[in-house]
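S.K.: Residue numbers (the numbering used here), protein chains in the order written: chain A, 12 to 519; chain B, 197 to 692.
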Amino acid sequence: MSNILTVLIFFPLIAAIFGFMVNQKSIRVYGITVAAAEFLLSLWLWASFDASNPGMQFVEHLDLIPEFGISYFLGVDGISLFIVIMSTLMTLIGIIALSVKEDVKNMIITLLFLEVAMIGVFVSLDAILFYVFWEFSLVPMLYIIGAWGGNLRLYASIKFFIYTFAGSLVMLVGMLYLAFVFHATTGHWSFALTDWYALILPFDVQTYLFWAFFLGFAIKVPMFPFHTWLPYAHGQAPTVGSVILAAVLLKMGTYGFVRFSLPLFPDASVAYIVPVAILAIIMIIYTAMVAYAQKDIKQVIAYSSISHMGVIIIGTFAMNTEGIAGSVFLMLSHGIVSGALFLLVGVIYDRRHTKLMSEFGGLAKSMPNFAVIFGVMTMAAVGLPLTIGFIGEYLSLAGFFKVSPFMTILAGSSIILGAAYMLRALKNTFFGPITKPENENLPDLDAKELTALIPLVAIVIWLGVYPKPVLGPIDTTTKALVQMMHEKAQTKEAKKTILVSKKAKEAK
Amino acid sequence: MAPISIDFTTLNLGTLSPMLITLLGALVILCIDLFKSNLDKTLYVTLTILTLFIALGATLSLDINQRGLFNTILIDGVSILGQVLILAGSMLFIPLALTKRKFHDFSYPEFFALFLFMVFGFQFMAASDNLILIFVGLETASLSLYTLIAMHNTKLAHEAAIKYFTMGAMAAGFFAMGAAAIYGVTGSVELATVAKIFQSKFSEPEIMVPIIGGALLMVVAIGFKISLIPFHMWTPDTYEGASAPMAGYMSIVPKVAMMVVAMRLFGMYIELDITIIKYTIIVLAIITTTLANMMALVQKDVKRMLAYSSISHAGFVLVALALDTTKGYSSIFMYYGLFMFTNLGAFTMLWVSRHKYNIHHDRFHHPYEKFAGMIKRAPISAVIMAIFMLSLAGVPPFSLFWGKLYVLSAVVDSGYYTVAIILALNSAIAVYYYLKLIIYMFLKPEDLAQGKVTYANRAFSLEVVIGLAALATAASIFYVEPLMQYITRLLSASGF
Chain A
12 MSNILTVLIF FPLIAAIFGF MVNQKSIRVY GITVAAAEFL LSLWLWASFD
62 ASNPGMQFVE HLDLIPEFGI SYFLGVDGIS LFIVIMSTLM TLIGIIALSV
112 KEDVKNMIIT LLFLEVAMIG VFVSLDAILF YVFWEFSLVP MLYIIGAWGG
162 NLRLYASIKF FIYTFAGSLV MLVGMLYLAF VFHATTGHWS FALTDWYALI
212 LPFDVQTYLF WAFFLGFAIK VPMFPFHTWL PYAHGQAPTV GSVILAAVLL
262 KMGTYGFVRF SLPLFPDASV AYIVPVAILA IIMIIYTAMV AYAQKDIKQV
312 IAYSSISHMG VIIIGTFAMN TEGIAGSVFL MLSHGIVSGA LFLLVGVIYD
362 RRHTKLMSEF GGLAKSMPNF AVIFGVMTMA AVGLPLTIGF IGEYLSLAGF
412 FKVSPFMTIL AGSSIILGAA YMLRALKNTF FGPITKPENE NLPDLDAKEL
462 TALIPLVAIV IWLGVYPKPV LGPIDTTTKA LVQMMHEKAQ TKEAKKTILV
512 SKKAKEAK
Chain B
197 MAPISIDFTT LNLGTLSPML ITLLGALVIL CIDLFKSNLD KTLYVTLTIL
247 TLFIALGATL SLDINQRGLF NTILIDGVSI LGQVLILAGS MLFIPLALTK
297 RKFHDFSYPE FFALFLFMVF GFQFMAASDN LILIFVGLET ASLSLYTLIA
347 MHNTKLAHEA AIKYFTMGAM AAGFFAMGAA AIYGVTGSVE LATVAKIFQS
397 KFSEPEIMVP IIGGALLMVV AIGFKISLIP FHMWTPDTYE GASAPMAGYM
447 SIVPKVAMMV VAMRLFGMYI ELDITIIKYT IIVLAIITTT LANMMALVQK
497 DVKRMLAYSS ISHAGFVLVA LALDTTKGYS SIFMYYGLFM FTNLGAFTML
547 WVSRHKYNIH HDRFHHPYEK FAGMIKRAPI SAVIMAIFML SLAGVPPFSL
597 FWGKLYVLSA VVDSGYYTVA IILALNSAIA VYYYLKLIIY MFLKPEDLAQ
647 GKVTYANRAF SLEVVIGLAA LATAASIFYV EPLMQYITRL LSASGF
């Protein structure tokens with residue numbers, strides 16, 4: 012099936028539209044079936060993916076506005092393939108574990124619309140198409156937070172929308188400028204990324220564009236100091252909203268760095284490694300400390316999620332194969348682990364309608380299965396070897412070690428700090444005596460929750476022990492990406508930074 | 197003195213045909229009323245649409261780049277596009293008269309005759325580069341428009357009409373003074389000749405004072421009509437007092453007509469490299485979008501919000517005018533073409549929910565609270581209204597996103613990066629007040645004390661208009677390309 016990407020994008024769209032006709036009582040089964048079919052389609056994509064080919068595969072091209080160079084241009088490579096699969100997986104799991112009681116139908120339809128936008132972002136190779144999906148993803152998320160959220164839901168949803176919208180508008184101006192430069196150089200308009208990759212831009216142009224795109228992506232990640240929308244969004248969003256937000260929507264930002272910033276502006280990216288890394292380190296340490304101070308268990312996970320996004324940024328800006336491949340892998344593991352943790356918090360919230368750690372304690376006695384899965388996910392979040400969290404974090408930090416050992420040590424504190432706040436949360440919630448009588452007879456995970464969580468546990472351990480099936484294609488594509496950046500780089504500094512790592516790789 | 201011989205070919209009456217058809221239609225309506233009274237408004241609405249339809253056909257069949265009526269009428273790309281937008285906009289707004297509730301204004305046949313006279317005036321403004329003819333067209337259109345607003349016959353409508361009239365009269369005064377200043381320097385009122393004489397006089401000492409002075413008087417006049425800040429004070433009150441169809445109409449058609457005049461006039465100054473005019477326009481445009489956005493944030497009534505929003509959109513577009521590039525001019529027409537459908541839809545949505553008397557609020561017809569919880573009661577209307585709001589906010593893939601894209605791209609191409617970023621960030625401010633309505637409709641519980649939105653005014657023709665507007669807004673990607681091609685072809689054919 013050569014047009015599988017189009018099918019992946021439009022299948023959920025059509026399913027969402029037909030969803031309006033399905034009866035409220037049967038909508039959950041409909042949602043699960045559609046999401047499962049979409050997940051299987053994405054697995055099919057993986058099966059027919061040629062792992063040895065580093066370039067774009069399943070490319071589709073159709074002119075939309077030829078005069079202005081805007082086209083419907085799709086493709087997938089080793090970097091985007093697994094993010095797409097993760098998006099379909101997390102949507103499926105989110106729908107399976109859905110615990111929303113009212114307006115289930117609207118929720119499922121909204122999630123399917125969101126899935127369209129998510130897949131669209133990760134497979135678009137045309138900047139305007141990318142932007143269209145990127146902006147469109149805000150609308151369903153606004154609705155999910157605003158309609159099913161907590162008390163401050165309206166504030167949280169507007170803050171989320173406006174913050175991201177403002178950043179991406181600046182990015183849009185950047186895109187238009189880049190297209191203009193392309194027009195001035197080649198004489199025709201194009202927004203196709205593959206065309207843009209061929210451009211070699213002067214350093215000052217790269218600088219402006221780098222920061223324009225940076226603003227758009229950094230707000231989405233969210234990087235310090237643009238992170239303030241995220242705790243509100245997580246705090247107010249329903250469980251499924253947090254799962255999708257943490258697992259997939261945040262990855263749009265880091266994916267943007269890998270897809271746009273690095274290959275388009277290699278010199279500027281190298282030149283601004285230090286400021287970006289400082290922001291990332293502040294983000295890692297500061298949010299980890301904030302996470303330690305939280306009383307609400309969901310906020311702990313929200314801040315820990317921001318903290319780990321900092322490691323992804325560090326890995327991306329290592330500018331070498333290990334770092335970038337590691338950060339892409341970390342995007343996947345962060346998606347799965349933080350998604351699972353938000354699901355787990357949702358489980359106790361559904362039972363007790365509170366998220367305060369002081370309300371719990373000793374849950375391991377009453378909910379043993381829950382405690383085990385939470386423990387596994389905590390270990391993965393902390394980055395314990397043989398779990399999925401270790402590989403990405405290790406590779407990212409190892410990659411950045413070649414750039415600056417000192418900063419890597421600071422960034423590596425994420426592992427220690429992470430262990431501190433996560434284990435504290437684990438201890439307060441699950442161990443010790445049961446202090447509240449309500450907690451004594453809490454029911455353990457039911458079949459629905461187990462169905463959602465067990466696959467995630469399996470993936471966490473499988474990819475922790477044997478990451479090659481996933482890491483292999485990522486590595487192939489990343490090598491080609493680094494190679495291209497090296498060839499494009501003009502400043503000595505950039506040549507050196509990007510080259511060193513390549514040699515090191517060959518020496519291995 | 198030699199006798200002036202008039203060659204019939206220089207009269208070239210074909211260039212006048214679209215306006216003459218509109219005029220004739222108006223006279224026919226008046227005559228019908230003379231012979232038989234008590235005819236239903238449906239007859240007049242249909243006749244108006246048919247007249248406009250024929251006029252539109254005549255406009256589209258005009259050959260490009262010709263002059264007529266003793267060289268006072270100029271048919272170039274701008275005037276054809278301007279007339280097409282004016283006629284199409286009028287055709288789309290006039291069916292809104294066919295409401296379920298009876299409103300005072302539409303029960304008079306004079307309303308429709310005046311409407312056509314107004315369109316006639318706007319067509320003249322778009323189709324001439326003679327300052328006197330533009331002035332005549334402007335006054336014909338404005339005097340009709342004041343009356344049309346007042347015919348709504350509520351207290352607020354009278355206030356609106358008088359406010360608009362006072363401000364409009366002042367603007368006309370400024371226009372006359374500006375034209376006089378230009379005439380004083382050049383001895384001509386034809387812009388083509390004016391440009392040449394300006395050019396030849398640049399070497400004269402202190403010539404810039406009258407040139408720039410005249411231009412600034414024109415900026416004030418045009419600023420009043422396209423409601424630039426600080427000349428915007430009449431806009432929100434006038435929109436609020438006028439009926440929703442008239443308010444929506446005012447946000448599009450008169451502005452398009454004035455935009456065309458501005459293109460001719462300021463285009464001339466900018467082409468002559470008088471940079472102060474260029475920067476004045478850019479600064480005014482930025483002030484207009486930014487302040488209008490701020491003021492829209494605090495409005496309590498959706499119609500007033502839309503009034504400020506249309507001021508802000510006008511400022512956004514005006515930046516493209518100062519660029520003097522083909523892309524800039526094309527993006528203006530593109531923007532107004534797309535904006536027309538979205539605003540048509542938004543104002544019609546207000547119109548269908550309009551009651552004869554305020555039942556929701558002591559002052560406003562459309563307070564935000566009225567729309568609370570609309571998704572529960574009228575899900576399809578809520579979704580359609582949300583599409584219009586998202587389009588106004590510039591969220592892709594809805595139509596105004598493409599308009600914004602073209603304008604921003606034109607600005608970036610001309611090298612005004614800071615301006616482009618200011619405009620982009622303005623869109624981020626603007627998104628708040630559009631989202632506010634969406635949040636009321638989708639996320640707030642119904643407030644029973646406020647009374648419900650009921651579609652008291654709903655009628656089949658209004659539903660058709662809304663459906664058309666929604667379709668044009670949602671499926672814009674399919675016609676953006678041909679539309680842009682058409683606009684660019686016409687504009688580049690006449691050297692813009």
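The beta carbon of each residue, even a glycine, is placed where N, CA and C say it ideally should be.
Output the boundary residues of the beta strand (DSSP E) element that contains A:V87.
M.R.: Counting along the chain, the beta strand (DSSP E) containing A:V87 begins and ends at I81 to V87.
S.K.: Establish whether the CB of A:I155 and some CB of chain B are separated by less than 8 angstroms.
M.R.: Not an interface residue.
S.K.: Quick check: is the beta carbon of A:I169 nearer than 8 angstroms to any beta carbon in chain B?
M.R.: So, interface residue.
S.K.: Just to confirm before moving on: does the CB-CB distance between A:K499 and A:I211 stay below 8 angstroms?
M.R.: A contact, by the Cβ cut-off of 8 angstroms.
S.K.: Starting from the C-beta of B:P406, find all residues in its chain whose C-beta is less than 8 angstroms away, skip the five residues before and the five after it, and write them out in chain order.
M.R.: Only A377, G380 and V381 meet the Cβ criterion.
S.K.: Quick one: using the 10 Å Cβ neighbour count with 16 as the cut-off for buried, is B:T238 buried or exposed?
M.R.: Its Cβ having fewer than 16 others within 10 Å, B:T238 is exposed.
S.K.: Helix, strand or coil for A:V111 per DSSP?
M.R.: Residue state, collapsed to three classes: coil.
S.K.: Thinking C-alpha only, which one of B:D558, B:V498, B:L667 and B:H551 is nearest B:F543?
M.R.: That would be B:V498, whose Cα lies nearest to the Cα of B:F543.
S.K.: Flag A:A177 as yes if its beta-carbon sits less than 8 angstroms from any beta-carbon of chain B, otherwise no.
M.R.: Yes, A:A177 lies at the interface with chain B (some Cβ there is under 8 angstroms from its Cβ).
S.K.: Report the neighbours of B:F638 on chain A: residues whose CB is nearer than 8 angstroms to its CB, in chain order.
M.R.: Result: Y154, G157 and A158.
S.K.: Closest Cβ-Cβ distance between A:E78 and chain B: below 8 angstroms?
M.R.: Yes - at least one Cβ of chain B is within 8 angstroms of the one on A:E78.
S.K.: I want to see whether chain B comes within less than 8 angstroms of A:I173, judged by CB atoms only; does it?
M.R.: Judged by the 8 angstroms Cβ criterion, A:I173 is in contact with chain B.
S.K.: Using the C-alpha atoms, what's the distance from B:E436 back to B:L329?
M.R.: Cα-Cα distance, rounded: 31 angstroms.
S.K.: Among B:V224, B:S439, B:L223 and B:A458, which one has its Cα closest to the Cα of B:A346?
M.R.: When only C-alpha atoms are compared, the closest one is B:S439.
S.K.: Nearest chain A C-beta to B:A492 closer than 8 angstroms, yes or no?
M.R.: It does not: the Cβ of B:A492 has no partner Cβ on chain A nearer than 8 angstroms.
S.K.: Using CA atoms only, rank isn't needed, just tell me which of A:N64, A:I43 and A:I76 is closest to A:I119.
M.R.: Closest option to A:I119, Cα to Cα, is A:I43.
S.K.: In angstroms, rounded to a whole number, what distance separates the CA positions of B:T434 and B:S423?
M.R.: Between B:T434 and B:S423, the C-alpha separation is close to 11 angstroms.
S.K.: Buried or exposed for A:N34, going by 16 or more other Cβ atoms inside 10 Å?
M.R.: The residue is exposed, with fewer than 16 neighbouring Cβ atoms inside 10 Å.
S.K.: What does DSSP give as the partner residues of B:L270 in its beta bridges?
M.R.: Answer by DSSP bridge pairing, in chain order: B:R263.
S.K.: Keeping to the same chain, check which residues put their C-beta closer than 7 angstroms to that of A:G483; ignore five residues upstream and five downstream.
M.R.: So the qualifying residues of the chain are A62.
S.K.: Return helix, strand or coil for B:A488, following the three-state DSSP convention.
M.R.: The answer is helix: DSSP assigns B:A488 an H, G or I state.
S.K.: Can you confirm whether the stretch 659-674 of chain B touches the stretch 568-586 of chain B when touching is taken to mean that 3 or more C-beta pairs between the two stretches lie within less than 8 angstroms?
M.R.: Verdict: yes, contact present.
S.K.: Flag this pair as yes or no: are the beta carbons of A:L140 and A:T175 separated by less than 8 angstroms?
M.R.: No, they are not a contact pair.
S.K.: Would you say A:V181 lies against chain E (beta-carbon separation less than 8 angstroms)?
M.R.: Of the chains in the structure shown, none is chain E; the protein chains are A and B.
S.K.: Output needed for B:L662: all residues of its chain with C-beta closer than 7 angstroms, excluding positions within five of it in sequence on either side, in chain order.
M.R.: For clarity, residue 662 of chain B is Ile in the given sequence; the question names Leu instead. Excluding positions up to five away in sequence, the list reads G541, T544, M545 and I580.
S.K.: For the pair the stretch 323-340 of chain A and the stretch 396-403 of chain A, tell me if three or more CB-CB distances fall below 8 angstroms.
M.R.: Enough Cβ pairs lie closer than 8 angstroms, so yes.
S.K.: Would you tell me roughly how many angstroms separate the C-alpha atoms of A:T440 and A:T102, rounded to the nearest one?
M.R.: Going from the Cα of A:T440 to the Cα of A:T102 covers about 27 angstroms.
S.K.: From what residue to what residue does the alpha helix (DSSP H) around B:E659 run?
M.R.: Here the alpha helix (DSSP H) through B:E659 covers F656 to A670.
S.K.: So if DSSP puts A:S135 in a beta bridge, which residue, or which two residues, is it bridged to?
M.R.: For A:S135, which the question treats as bridged, DSSP gives the partners A:L85.
S.K.: Spell out whether any CB of chain A is found under 8 angstroms from the CB atom of B:Y465.
M.R.: So no, B:Y465 is outside the interface.
S.K.: Please report the distance separating the alpha-carbon of B:L209 from that of B:L265.
M.R.: Each residue's Cα considered, the two are about 7 angstroms apart.
S.K.: For my contact list, A:P274 and A:L109 are in at a C-beta cut-off of 8 angstroms; report their separation, rounded to the angstrom.
M.R.: In fact, because the Cβ distance is near 38 angstroms, the residues do not count as touching under 8 angstroms.
S.K.: Determine the DSSP secondary structure at A:F69, reduced to helix, strand or coil.
M.R.: Looking at A:F69 - three-state DSSP - the assignment turns out to be strand.
S.K.: Starting from A:W200, trace the alpha helix (DSSP H) both ways and give me its first and last residue.
M.R.: First-last for A:W200: undefined, no H or E at that position.
S.K.: Tell me which residues share the same chain as B:V513 and place their Cβ nearer than 6 angstroms to its Cβ, disregarding the 5 neighbours each side in the sequence.
M.R.: Within the same chain, B:V513 has close Cβ partners I528 and Y531.
S.K.: Which class does B:S324 belong to by DSSP, given the choice of helix, strand or coil?
M.R.: Residue state, collapsed to three classes: strand.
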